[in-house]
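If you're matching positions, the sequence shown starts at 21 in the numbering used here and goes up one per residue. We treat Cβ as the ideally placed atom computed from N, Cα and C, and that holds for glycine. Only a predicted model underlies this, so the values are computations on that prediction, with no experimental measurement involved. Structure record follows, encoded as structure tokens.
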Amino acid sequence: MPTLFQTLLIMHIAGGGIGLMTGTIAAVVQKGNRVHRLCGKLFFYGMLLASLSALVMSNLPGHLNVFLFAVGGFTLYMILTGYRILFLKRALKQEVSPYTFADYLICLGGAIYGLFLLVLSVRTLQQGDRFGLVPLAFGLICLRFVWVDVRLLLGKTPIRQSWMVIHLGRMLGALIAAYTAFLVVNIQIGQQWILWLLPSVIGGIFIAKSVRRYAPAKK
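In structure tokens:
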């Protein structure tokens, strides 16, 4: 009979695999069509399963993994905000504020995970380990996303002008996380931190091009 860790690991791999495949399809097909919406939903739930299972696995006795816990939380933040912004956009027709307590809670969680990644980075770099650059980069990206969300919640940035940028950035960011996990598990090199950051660099270029293509230009 499989242990709890083994069960969670299977769920984590299954969710990540589903996210990797459906996210790739959603990223390359025409945005807004039926295939994109279907694959987008499957991607969301696949990555939700992968990130939640990672959070639990990383805290099991004998399997404690601080970095997995931090990255799992960061990924969870990206998919929640990237998917949630679609519902906020649809709620614009209502006269009341579309934000709920959950939006503030998610934003707070993102801030906590971003700061946690920075602390983890400092501790790792102080030990002379260049791998500390990985949580440093992820932490800064996470806090940048949080800052964008804070401006949304405060009414400084209209949803109508920013929803596409947020949706693309967060969902593609989560897809990059899936590709990163696939690479680091299947490829081993001397400087493993490079393999952790390379997908983010390449994916960042793709995100920038996608934003310029699909997001409305600011007037």
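| Item | Value |
| --- | --- |
| In the stretch 61–135, which residue ranges form an unbroken alpha helix (DSSP H) of at least 4 residues, counting only runs that do not cross its ends? | 86–110 |
| Take the Cβ of Arg232 as the centre, count every other Cβ of all protein chains shown within 10 Å, and call the residue buried at 16 or more, exposed below. | exposed |
| Between which residues of its own chain and Leu96 is the CB-CB distance below 6 Å, once the five residues before and five after are set aside? | Ser71 |
| Report, in whole angstroms, the separation of the C-beta atoms of Ser73 and Met31, which I expect to be a contact under 8 Å. | 4 Å |
| Count the other C-beta atoms from every protein chain shown that fall within 10 angstroms of the C-beta of Leu174, then say buried if there are 16 or more, exposed otherwise. | exposed |
| Using 10 angstroms around the beta-carbon of Thr200, count the other beta-carbons present and answer buried if the total reaches 16, otherwise exposed. | buried |
| Terminal residues of the continuous alpha helix (DSSP H) containing Lys176? | From DSSP, Lys176 is part of no alpha helix (DSSP H); its letter is neither H nor E. |
| Please confirm whether Val154 and Trp216 have their CB atoms less than 9 Å apart. | yes |
| Please report how far the alpha carbon of Lys239 lies from the alpha carbon of Trp183, in whole angstroms. | For Lys239, the pLDDT reaches just 47, beneath the cut-off of 50, and the residue's location in the model is therefore unreliable, although a value from the coordinates is still provided. Going by the C-alpha atoms only, they are around 16 Å apart. |
| What residue from Phe87, Ile126, Val86 and Ile225 has the CA that sits closest to Tyr103's CA? | Ile126 |
| Work out the CA separation of Leu24 and Phe226 for me, nearest whole Å. | 38 Å |
| Restricting to Cα atoms, I'd like to know which of Ile161, Arg171, Leu203 and Val185 is closest to Lys229. | Val185 |
| Can you tell me whether Ile33 is helix, strand or coil according to DSSP? | helix |
| From Leu62 to Leu100, what distance separates their C-alpha atoms? | 13 Å |
| Assuming contact is defined by CB atoms lying nearer than 9 Å, are His56 and Leu106 in contact in what I supplied? | no |
| When you compare only the Cα positions, how much space is there between Thr240 and Lys51? | Past the edges of the chain, shown from 21 to 239, lies residue 240, and the structure says nothing about it. |
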